Amino acid sequence: MDWLPVGFSLAILVTWYVVVTWHDVPEFILPSPVKVIEELIGSWDLLLEHTLVTISEAFLGLFISIVLGTAIGFAMGYFETFRRMVYPLFVMTQTVPLFVLAPLFILWFGFGILPKIVVVFMVCFFPIAVTFAQGLVQSDSGMDDLLSVMGATRWKIFRISRIPQALPHLFSGLKIAATYGIVGAVLAEWVGAQKGLGVFMTRAMKSFRTGVLFADVLIIVLLSMLLYKAVEWVERIVCRNITNGGKIT
Amino acid sequence: MEQIVAENVSKYYTVPPEKGGRNHERLQVLTNVSFRVERNEFVSILGPSGCGKSTLLRMLAGLDRDYEGTIRMEDVDLKKNRVPVCYMLQKDHLLPWRTLMENVLLPAEIEGADLKKEAEAVRPMLREFGLEEFENYRPHALSGGMRQRAALLRTYRMRGDIMLLDEPFGALDEITRMQMQDWLLDVWGKHRKTVVFVTHNIEEAILLSDRVLVMSPRPGTIVKDIRIDFQRPRNRDMLLGSQFLGYKKDILASLG
Ligand SMILES: Nc1ncnc2c1ncn2[C@@H]1O[C@H](COP(=O)(O)OP(=O)(O)O)[C@@H](O)[C@H]1O
Ligand SMILES: [Mg+2]
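Residue numbers (my numbering), protein chains in the order written: chain A, 1 to 249; chain B, 1001 to 1256.
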């Protein structure tokens, strides 16, 4: 554990607290960190209800992104023609602003969970597919030659050497996806939803309950960090021998 | 009888504009390369860097069929069919996530052979290759020399009677390289195979080979075929005698 960022964050919190109480800043402009925690505890039941909705949207979207992202990333790495065909299209989907797409998705898919999942997918699919494909095409021609002389087919070359070697790349994409999953769902909820942290956020904002708004954001941050850490943990197990290759006894 | 016969082999690379070539420029790498290698002979190909040695070896390995002339190996035309060979490069190419044994089993695994049997056959060889206690180590935990020996053992376990070695010791420090040469002489003395050994190190070529083929700078061709008449088993003391100096002079003269 690196204590430097922890200490630094604590220092910021303390400064924040001191400034807010010293200058008597009104709560609707900037609540103190203590107030935020109070709101978090006070509105816990309500917050939890909204959180669960957002989590299920984000998880479903992430799950589909991981499955399809890995599959299509693999196809892009394996079939050059396919990569040339779809890659520019994927890049284009990333350049269209999401606040344009999100209302459209509601128009097409209704007010239910589907448009939220689609938004999460739009955000998370790309980094997964692209990093995996990049890892797969990055090849050591000597290694390919060697395996080929041993009689390996293209598929075997991928199975034996290229896929394992691409896993660290894939995980860097998964970490990016994990960071954006929750935020993607929140963004989709802004545009139109009955429940979720995004909805709750807009309501808090409209009624100037800034303390609750901050509590809402705090949950989003914590959830995103937790997801990131979870992916990192899986990465450490899966890529242990690929990246550092310690000896086993 | 000759096991490898190369006749008038020429090779051009077409360098595409995005790789710095002018439009449709053809770079000639080899010109009229002809040589023969007998069964169980140890032949070195010696030449300056960039003269086309690796290109030639890739052709012998069946990896490149885009050339002029013919290469026959075990009476098979390499443009039409493949002949199984053992192939090794300067980099060890050990897979870091596999143990030493799993790396050595790779050729058998790709062929779909019985891995238990193969492991039984490999174990006694681990001792010969100085890797006895390291069967379950991963490459990162091994020294450079050990990794190169592991790579050579894996090369030995490939199916084929011909070994194609492309500067296998080129990345090692001088002292490790000398140890590897001594040790290759020893191993090769016991399990004879035909060897084509690419190097740009003159001493190494003379010490190891029955014949040294000297190549010109690009476009490469064979300018001299020198028979090395040292007795086997060989040792490093031969590098101090006048006969060695004679060979070296000969080679230096033909390198120009
Ligand atoms: N795939 C390739 N495309 C174009 N030029 C190549 C390619 N491979 C090698 N060359 C060129 O061919 C020449 C010979 O290369 P190589 O056979 O690797 O030489 P050596 O092994 O003797 O150092 C070099 O000038 C190199 O730049
Ligand atoms: Mg070379």
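Each residue gets a CB set at the ideal place from its N, CA and C atoms; glycine is no exception.
Given the structure is predicted, the values throughout are model-derived calculations rather than measurements.
CB-CB under 6 angstroms to residue i, same chain, minus the five flanking residues each way: which ones, in chain order?
i, result
"R1072/B", "V1005"
"D1092/B", "R1147, Q1148 and A1151"
"I72/A", "A129"
"V199/A", "E189 and A193"
"C1086/B", "T1155, M1158, G1160 and M1163"
"E1118/B", "L1105 and A1108"
Taking the continuous alpha helix (DSSP H) assigned at residue i, which residues delimit it?
i, result
"S1242/B", "S1242 to L1255"
"Y78/A", "W44 to Y78"
"V1033/B", "Where V1033/B is concerned, there is no enclosing alpha helix (DSSP H), although the beta strand (DSSP E) it sits in stretches over R1026 to E1038."
"V199/A", "L197 to K206"
"T15/A", "W3 to W22"
"L1046/B", "Here L1046/B belongs to no alpha helix (DSSP H); instead the beta strand (DSSP E) covers F1042 to L1046."
"I106/A", "L98 to F109"
Looking only at its chain, what residues have a beta carbon closer than 7 angstroms to the beta carbon of residue i, apart from the 5 residues adjacent to it on each side?
i, result
"M1177/B", "What sits at residue 1177/B in the sequence shown is Arg, not Met. For R1177/B, where only same-chain residues beyond five positions count, the Cβ hits under 7 angstroms are F1169."
"A1253/B", "none"
"K175/A", "Y228, V231 and E232"
"D1077/B", "T1070"
"K247/A", "With a pLDDT of only 35 at K247/A, under the threshold of 50, the placement of this residue in the model should not be trusted; the figure read from the coordinates follows. Contacts found: none."
"Y180/A", "V123 and C124"
"G245/A", "Confidence at G245/A is low in this model, with a pLDDT of 47, below 50, so the placement of that residue is unreliable and no value is reported for it."
"A1039/B", "According to the sequence displayed, residue 1039/B carries Arg and not Ala. If we look at R1039/B and ignore the five residues flanking it on each side, its Cβ neighbours are M1001, Q1003 and T1194."
"T249/A", "The predicted model places T249/A with a pLDDT of 28, which falls under 50 and marks its position as unreliable; any figure quoted below should be read in that light. Here the set comprises nothing."
"G173/A", "P127, I128, V130, T131 and F132"
"I1228/B", "I1206, S1209, D1210, R1211, V1212 and Y1247"
"L1094/B", "N1103, P1139, R1147, A1150 and A1151"
Excluding the 5 residues flanking residue i on each side, which residues of the same chain have their C-beta closer than 8 angstroms to its C-beta?
i, result
"P1017/B", "N1023"
"F28/A", "F208, R209 and T210"
"Y17/A", "S32, P33 and V34"
"L1030/B", "V1009, S1010, K1011, G1052, T1055, L1056, Y1067, P1219, G1220 and T1221"
"Q1179/B", "G1145"
"I242/A", "P164, Q165, L167 and P168"
"V1122/B", "M1101, V1104, L1105, L1153 and R1157"
"E1025/B", "T1014 and V1015"
Taking the beta strand (DSSP E) that residue i belongs to, which residues open and close that run?
i, result
"A1061/B", "Per DSSP, A1061/B belongs to no beta strand (DSSP E) and is neither H nor E."
"I29/A", "No beta strand (DSSP E) contains I29/A, which DSSP labels as neither H nor E."
"A1006/B", "E1002 to T1014"
"Y1087/B", "C1086 to M1088"
"E1068/B", "E1068 to M1073"
Following a CB-centred definition, is residue i positioned closer than 7 angstroms to any heavy atom of ligand 2?
i, result
"S1054/B", "yes"
"D1166/B", "yes"
Which residue wins for smallest C-alpha separation from residue i, given the options the options?
i, options, result
"L98/A", "V53/A, L187/A, L227/A and G196/A", "L187/A"
"I1162/B", "R1026/B, F1042/B and M1001/B", "F1042/B"
"F79/A", "L136/A, D2/A, T202/A and V149/A", "L136/A"
"H1140/B", "K1248/B, L1131/B, Y1013/B and L1100/B", "L1100/B"
"T131/A", "I237/A, G77/A, G196/A and S9/A", "G77/A"
"R1082/B", "G1062/B, K1224/B and W1188/B", "G1062/B"
"I113/A", "W44/A, E39/A and I55/A", "I55/A"
"K195/A", "E49/A, S224/A, T81/A and M150/A", "E49/A"
"A178/A", "I64/A, A215/A, P115/A and Q134/A", "I64/A"
"F1230/B", "E1007/B, S1209/B and N1136/B", "S1209/B"
Given 7 angstroms as the limit, tell me if residue i has its C-beta closer than that to any heavy atom belonging to ligand 1.
i, result
"G1062/B", "no"
"L1255/B", "no"
"V1218/B", "Strictly speaking, residue 1218/B in this sequence is Arg, with Val absent from that position. R1218/B Cβ: within cutoff of ligand 1."
"S148/A", "no"
"P1047/B", "As written in the sequence, residue 1047/B is Gly, which differs from the Pro given in the question. Flag set: Cβ of G1047/B near ligand 1."
"G1069/B", "no"
"L1213/B", "no"
"Y1087/B", "no"
"G1050/B", "yes"
"V1009/B", "no"
"Y1013/B", "yes"
"V1029/B", "yes"
Inset, instruction - Please specify which runs of the alpha helix (DSSP H), each continuous and at least 4 residues long, are wholly inside the stretch 1104-1166 of chain B, giving them in chain order. - result: Within the stretch 1104-1166 of chain B, the complete alpha helix (DSSP H) runs of at least 4 residues are 1106-1111, 1115-1128 and 1144-1156.
Legend entry - beta strand (DSSP E) segments (min. 3 residues) lying fully within the stretch 112-162 of chain A: Runs of the beta strand (DSSP E) inside the stretch 112-162 of chain A: none found.
Inset, instruction - Ignoring anything shorter than 3 residues or poking outside the stretch 1167-1242 of chain B, list the beta strand (DSSP E) runs there in chain order. - result: Within the stretch 1167-1242 of chain B, the complete beta strand (DSSP E) runs of at least 3 residues are 1194-1199, 1211-1215 and 1222-1227.
Inset, instruction - Scan the stretch 205-232 of chain A and note each continuous alpha helix (DSSP H) run of 4 residues or more that stays entirely inside, going in chain order. - result: When DSSP assignments are scanned along the stretch 205-232 of chain A, no uninterrupted stretch of alpha helix (DSSP H) that is 4 or more residues long falls wholly within it.
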